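Residue numbers (this note's numbering), protein chains in the order written: chain L, 233 to 712; chain W, 233 to 712. These notes concern the structure reproduced below.
Protein chains: 2
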Amino acid sequence: MGKKEKQFVEEITPMEVDFAQWYTDVIKKTDMVDYSPVKGFMVIKPYGYAIWENIQRFMDGRFKDTGHKNCYFPLLIPESLLQKEAEHVEGFAPEVAWVTHGGDEELAERLCIRPTSETIICSMYSKWLSSYRDLPFLYNQWCNVVRWEKSTRPFLRTSEFLWQEGHTLHETYDEAQEETLQMLGIYQETAEELLAIPVITGQKSDREKFAGAYATYTMEALMHDGKALQAGTSHNLGQHFSKAFEISYLDRDGTLKNPYHTSWGVSTRLIGGIIMVHGDNRGLSLPPGIAPVQAVVVPIASHKAGVAEAAEKIYEDLRHDFRMEMDDRDQHSPGWKFNEWEMKGVPIRIEIGPRDLENNQVVLFRRDTLEKQTCPLDQLKETVSKLMKEIQQNLFAKAKEMRDQNTHVVTDADTFKTIMKERPGFVKAMWCGEESCELQVKEETGATIRCIPFEQEKLGETCPHCGEKAEKMVYYAKAY
Amino acid sequence: MGKKEKQFVEEITPMEVDFAQWYTDVIKKTDMVDYSPVKGFMVIKPYGYAIWENIQRFMDGRFKDTGHKNCYFPLLIPESLLQKEAEHVEGFAPEVAWVTHGGDEELAERLCIRPTSETIICSMYSKWLSSYRDLPFLYNQWCNVVRWEKSTRPFLRTSEFLWQEGHTLHETYDEAQEETLQMLGIYQETAEELLAIPVITGQKSDREKFAGAYATYTMEALMHDGKALQAGTSHNLGQHFSKAFEISYLDRDGTLKNPYHTSWGVSTRLIGGIIMVHGDNRGLSLPPGIAPVQAVVVPIASHKAGVAEAAEKIYEDLRHDFRMEMDDRDQHSPGWKFNEWEMKGVPIRIEIGPRDLENNQVVLFRRDTLEKQTCPLDQLKETVSKLMKEIQQNLFAKAKEMRDQNTHVVTDADTFKTIMKERPGFVKAMWCGEESCELQVKEETGATIRCIPFEQEKLGETCPHCGEKAEKMVYYAKAY
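What follows is the structure, given as C-alpha cells:
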C-alpha cells in the first residue's frame, strides 16, 4: 500500500478500536449523511438518500403486488386523538414534539408531530368503513416521523426519520394475522435479497412489543460489533385500536363488528444496518441491489491516446444497464480514486489504461473480495452482470457466516454473562416466559430478548437465568 | 339518461351553479381526498395519491436527467435560522407552525416546521461548499411542508402539502439564471405533456415574487371558473441567501466568492389544477398520463356464458401495458359502474357483453368525448394505445381552447373591470410597472398580475389603469 493510500484509509478509525467511531467516520467520509443545526436531526445526503430510493422502489413494488395502495395522512395529530388508546399514549407521549402555535396564535389544543400514525389513521378509518364489502383496507404511506430522542446516531436513532407505515383492516383475526406475517415476509425478502442482510424472524416478547399491539413480529440482524439491529416490525393490533376509535362495519349477518387491524414499518434505519453488516475498515461495501453507483469507470493515464475515449465508450455502453459513474476528474490520481470508490463501497471498479487498450481488455476490481481480474472488452457487459450477482450472493454469505460465528447456544447464566461481556452476539437460550426474569437479564447484562424465533429449537428444559421450567427458545442480544 | 344514472350525476353540483361546491363534490365523491380532524390538513386518499405518484415519477426522471440528486433535510428549522434573510422571515414567519416542546421539556429555542427549506439548506450548504470544483450543487427533495392557512381547500391551499423543492448553487449569475429557466421548462413540460394543462410562463412582478428572491418565474394555468392557478415557480435567488448564510467558495483566482442560488417547486396543488381544468359536470376527466386507472373493464351480463372469462382475459392481456381495473363487483349494475368510472375520470371504459362476445369485439367508451366505438378483440391493445394518445392530446386541445376563449386583450380600465366582474379569465394588458398601480387594480377588481410573460406583445403605449407609459405586457387574473 502506497503512502497516500494508507493515509486515506487511516482517516477511518478501525472498527476493532472503536466501532461507534468507525461508524461515524464511515457515514461522514462517504458523504451519506450530515448533522444538522437541530440536535438529533440528520441531513440525508444524496449518496445516502439514493440507497433509500432503491430500497423504496423495491419495497413499494412488493407492497403494490400484494394489493396495497399508498396514501398520505396529516403530519400533526391532536393530543386528544393520541390519548385514545391507553398503552399507545403511554408508549409515545414522552417522546413526541408538540406544536403549540400556528403563526401568531396559540392553538386551542396541542398537536403532536406523528411519532407513528395509528391514531390519526384510525380516526379516518372510522369514517371510511361501513360495510364488510369495504374490507380489507390495505393502505401504506411513505413519510417522515418524529420521536424526540435524547441520544441519537444517524440512521440508527434520530429524532426524525423516514419510513413507511402500512395500516390495514380485516374482517377476521386470522386474516389480520396472515397480513402481519405476509408483510414481515416482504421485509425479510427485502433484507435478505436486496440488502444481503440475513435476519432472524420471530415474535417480540410482551415487554418489547409495540405500544398497543396484540402481537409484534420482528426481523433482527446482527451487526459487526455483535449488537443486534431491529430492522423491521409488523404488528397484529387485534381490535385494540378499532375499539378505541370506534371503527365498525355492518357484517353479512347484519350486526356491527370491529375489524382486525395491522400495522408494519421499516425505516431509514435499514441503511445503518447495511453499513454495519457489510462495512469494513476500508469503509462501505454495498450490495449491488442498492448501491447508488454499481460500477465506476476509472481511466488510467487518460492523457494517453485513446484511453479517455475508451473509458467514455465503456461508460456509455453500460450506463443503461447499470448505475454507473465515470470518474474523469483530473485533480486526483487513479490511486486516490481507487481508494475513494473503495471507501464508498462501489461493488465494481472498471480500470482501463493504455496497456488494457492494447489488449482489448479492462481490469475489474471487486470491492467485496478486493480481487482484480481482467476481462475482454467484448465480454464486459455479461461479466459485470454476472459479477453483480456473485457479489450480492457473496455479501449475503459473508454476513451469514459472521452471524453464525457470533451466535451462541447458552444453557447456563454464567456463560451468558461472560459472552455478553466479552464477545457479544446472538445468544440462543431457553426462556421461562416471565417478564421479571427478562428484565433482570437486561439489568445484569445489557441484553434483551430480540425475538422468540419462528424456528424453535429445544435447548433444554429450564430457563438458564431463573431455573424455572422453560417455555420457549429465544434470541438474546445487546441491541441498537 | 335512466333515473338511477341521473341521481348519480346529480350528487355533483353543476359547476355553473357553484364552482367551489362542484370542486368539493368532485374530490369527495371520487375519493381523492378527505378532511382530517386537524383543521386545514387533508388526507390524500389512494385515488388522489396515485396521481401524485405518477407526477413524481415523471418529474423525478426529468430532474435526474438534468443532473439533480435527491436528498433529505430536517423537518424543523430553528427560529434563528429562519430569521437570517430579512425578506424571507417577513414573508413566512406569520404562517409557520411552532414546536415549543420535545417530550416533557420546553425547548430553549422554538423550532418551526419548514414552510420551505431555503434557510436550513443554506445553513448546510455553507458547511459543504469550499471550492469552485464543488459547484454546481444540484439537489432536490420530495417532502411535506406546513404553512398555517386560515382558509383552506384540498389540494389548492392546505396547511400541510406535499411538494418537491430543488435548491442549487452555481458559480455565476448566468448559470443560476439558466438553471432557473431550465427547471421552469421542465415544469411546463410536466404541465403540458403529462397533465395536458396549457400554461403561460413568465416572470412574477416584485409584489408577487418569492420572499427573498431576486426574480421569480412562474407557470400559470386557467381553471374552468376563469380563475388562474399558479402551478409551479422557479426562483433565481441571486446571492441573497448565500450572503446571509455566509456560503462561500475559493474560486480559481484564489478569492472567496458567494455562489448564485436557485430554488424551484411544484406541489400537490397540481392535482387541483387537473381537476379544475379537465373536470366537467360528470366529475373528473383524467389525462391518461397520470390517470391511476387508464382503462376499466366492465363485463355486461357477466352471468352469461363466456362473458366473465372474456372480460378477465382482456384485463390480463392489457394489464402489463396499461394501468387497468377489472370491475366485476356483483352488487352494482353495469349502468351504475359506467357512471362511477365516468365520475372518476377513467379515460377509457371497455365493455364486453354476450353480443360483443359473439362478434369478437368490445365497446370502447372515451371519457373525454363521451363517444362509444366498437373494436375487434384482436386489435384491442393497439386501439387502446392509440386512443390514450388521442385522449391526452384532445384534453390538452380542449383546455387550450377554453383558455384562449377566456383570454381577453384589454386596453381600457372599464372593460377590465367589467370582465373581472362578469366573466373572469386571463386579461392581457399593458402595465406601467408601478407596484402602486398593481395594488390598486387588485383592490378594485380582485385581479392580480399573474406574470409578465416571456412572449411579449405590444398592445398599446399606456397602462390602461393609470394612463402612464406602459413598460410591459402582463397577464392579469383572479387567482387561487
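We treat Cβ as the ideally placed atom computed from N, Cα and C, and that holds for glycine. Since this is a predicted model, take the numbers as computed values, not measurements.
Sequence-distant residues of the same chain with beta carbon closer than 6 Å to residue i, five excluded per side
{"i": "aspartate 457 of chain W", "result": "Phe251"}
{"i": "leucine 627 of chain L", "result": "Ala428, His510, Pro519 and Asp600"}
{"i": "tryptophan 374 of chain L", "result": "Gln396"}
{"i": "tyrosine 304 of chain L", "result": "Gln373"}
{"i": "glutamate 700 of chain L", "result": "Cys664"}
{"i": "cysteine 698 of chain W", "result": "Cys664 and Cys669"}
{"i": "alanine 329 of chain L", "result": "Ile345, Val378 and Trp380"}
Sequence-distant residues of its chain with Cβ nearer than 8 Å to residue i (five each side left out)
{"i": "glutamate 243 of chain W", "result": "Asp257 and Lys261"}
{"i": "glycine 234 of chain W", "result": "With a pLDDT of only 49 at glycine 234 of chain W, under 50, the local geometry of the prediction cannot be trusted, and the value read off the model is given with reservation. The residues are Gly567."}
{"i": "leucine 339 of chain L", "result": "Val331, Thr332 and His333"}
{"i": "leucine 367 of chain W", "result": "Leu361, Leu401, His402, Glu403, Tyr481 and Pro491"}
{"i": "glutamate 667 of chain W", "result": "Ser437, Asp438 and Arg439"}
{"i": "alanine 709 of chain L", "result": "Glu452, Leu454, Gly458, Lys459, Ala460, Pro656, Gly657, Phe658, Val659, Ala679, Thr680 and Arg682"}
Own chain, CB closer than 7 Å to residue i, minus 5 neighbours either side, in chain order
{"i": "leucine 589 of chain L", "result": "Gly538, Val539 and Ala542"}
{"i": "proline 566 of chain W", "result": "Val530 and Ile532"}
{"i": "aspartate 263 of chain L", "result": "Lys277 and Tyr279"}
{"i": "valine 431 of chain L", "result": "Gln420, Ala423, Glu424, Met451, Glu452, Ala453 and Ala463"}
{"i": "proline 246 of chain W", "result": "Trp254 and Asn513"}
{"i": "glutamate 574 of chain L", "result": "Arg514, Gly515 and Arg599"}
{"i": "leucine 388 of chain W", "result": "Arg501, Gly504 and Tyr712"}
{"i": "phenylalanine 473 of chain W", "result": "Glu317, Glu350, Cys354, Gly444 and His493"}
{"i": "cysteine 607 of chain W", "result": "Gln593, Val594, Leu596 and Thr615"}
Inter-residue CB distance, residue i and residue j (contact presumed, cutoff 8 Å)
{"i": "isoleucine 580 of chain W", "j": "leucine 619 of chain W", "result": "6 Å"}
{"i": "leucine 461 of chain W", "j": "glycine 497 of chain W", "result": "Not quite, the Cβ-Cβ distance comes to about 14 Å (not below 8 Å), so this is no contact."}
{"i": "glycine 323 of chain W", "j": "alanine 443 of chain W", "result": "2 Å"}
{"i": "glycine 217 of chain W", "j": "alanine 702 of chain W", "result": "Past the edges of chain W, shown from 233 to 712, lies residue 217 of chain W, and the structure says nothing about it."}
{"i": "phenylalanine 477 of chain W", "j": "lysine 674 of chain W", "result": "Actually they do not touch by this definition, with Cβ atoms about 33 Å apart."}
{"i": "glycine 521 of chain W", "j": "leucine 426 of chain W", "result": "4 Å"}
{"i": "lysine 489 of chain L", "j": "serine 480 of chain L", "result": "6 Å"}
{"i": "threonine 643 of chain W", "j": "alanine 661 of chain W", "result": "7 Å"}
{"i": "arginine 379 of chain W", "j": "glutamate 319 of chain W", "result": "That belief does not hold up - the Cβ atoms of arginine 379 of chain W and glutamate 319 of chain W are roughly 16 Å apart, past 8 Å."}
{"i": "tyrosine 364 of chain W", "j": "aspartate 483 of chain W", "result": "5 Å"}
{"i": "cysteine 683 of chain W", "j": "glutamine 435 of chain W", "result": "6 Å"}
Beta carbon of residue i nearer than 7 Å to that of residue j
{"i": "valine 525 of chain L", "j": "glutamate 557 of chain L", "result": "yes"}
{"i": "asparagine 372 of chain L", "j": "tyrosine 281 of chain W", "result": "no"}
{"i": "threonine 332 of chain W", "j": "threonine 332 of chain L", "result": "yes"}
{"i": "alanine 527 of chain L", "j": "phenylalanine 570 of chain L", "result": "no"}
{"i": "threonine 677 of chain L", "j": "lysine 649 of chain L", "result": "yes"}
{"i": "proline 306 of chain L", "j": "serine 268 of chain W", "result": "yes"}
{"i": "leucine 413 of chain L", "j": "alanine 445 of chain L", "result": "no"}
{"i": "cysteine 344 of chain L", "j": "isoleucine 287 of chain L", "result": "no"}
{"i": "proline 491 of chain L", "j": "histidine 564 of chain L", "result": "no"}
{"i": "isoleucine 623 of chain L", "j": "isoleucine 283 of chain L", "result": "no"}
{"i": "methionine 415 of chain L", "j": "serine 349 of chain L", "result": "no"}
{"i": "threonine 433 of chain W", "j": "methionine 274 of chain W", "result": "no"}
{"i": "glycine 272 of chain W", "j": "glutamate 381 of chain W", "result": "yes"}
{"i": "serine 437 of chain L", "j": "isoleucine 681 of chain L", "result": "yes"}
{"i": "proline 586 of chain W", "j": "lysine 536 of chain W", "result": "yes"}
{"i": "arginine 342 of chain L", "j": "glutamate 311 of chain L", "result": "yes"}
{"i": "leucine 313 of chain W", "j": "valine 321 of chain W", "result": "no"}
{"i": "glycine 299 of chain L", "j": "leucine 370 of chain L", "result": "yes"}
Alpha helix (DSSP H) runs wholly inside the segment 569-626 of chain L, at least 4 long, in chain order: 586-590
Selection of the segment 251-274 of chain L by Cβ proximity to chain W, strictly under 7 Å: Asp266, Ser268, Pro269, Val270 and Phe273
Beta strand (DSSP E) runs contained entirely in the segment 490-541 of chain L, provided each spans 3 or more residues: 492-499 and 527-531
Runs of alpha helix (DSSP H) wholly within the segment 330-377 of chain W (minimum 4 residues, chain order): 350-360
Interface positions of the segment 286-306 of chain L facing chain W (Cβ-Cβ less than 8 Å), listed along the chain: Lys301, Asn302, Cys303, Tyr304, Phe305 and Pro306
Members of the segment 364-377 of chain L that neighbour chain W once the beta carbon cut-off is set at 8 Å: Arg365, Tyr371, Cys375 and Asn376
Alpha helix (DSSP H) segments (min. 4 residues) lying fully within the segment 428-487 of chain W: 472-476
Contained alpha helix (DSSP H) runs [length at least 4] in the segment 623-691 of chain W, N- to C-terminal order: 645-654 and 667-677
Ordered list of beta strand (DSSP E) runs contained in the segment 266-299 of chain L, each at least 3 residues: 274-276
Contact set between the segment 483-508 of chain W and chain L, restricted to residues whose Cβ is under 7 Å from the partner: none
Every unbroken alpha helix (DSSP H) within the segment 404-428 of chain W, with a cutoff of 4 residues, ordered by chain: 405-421
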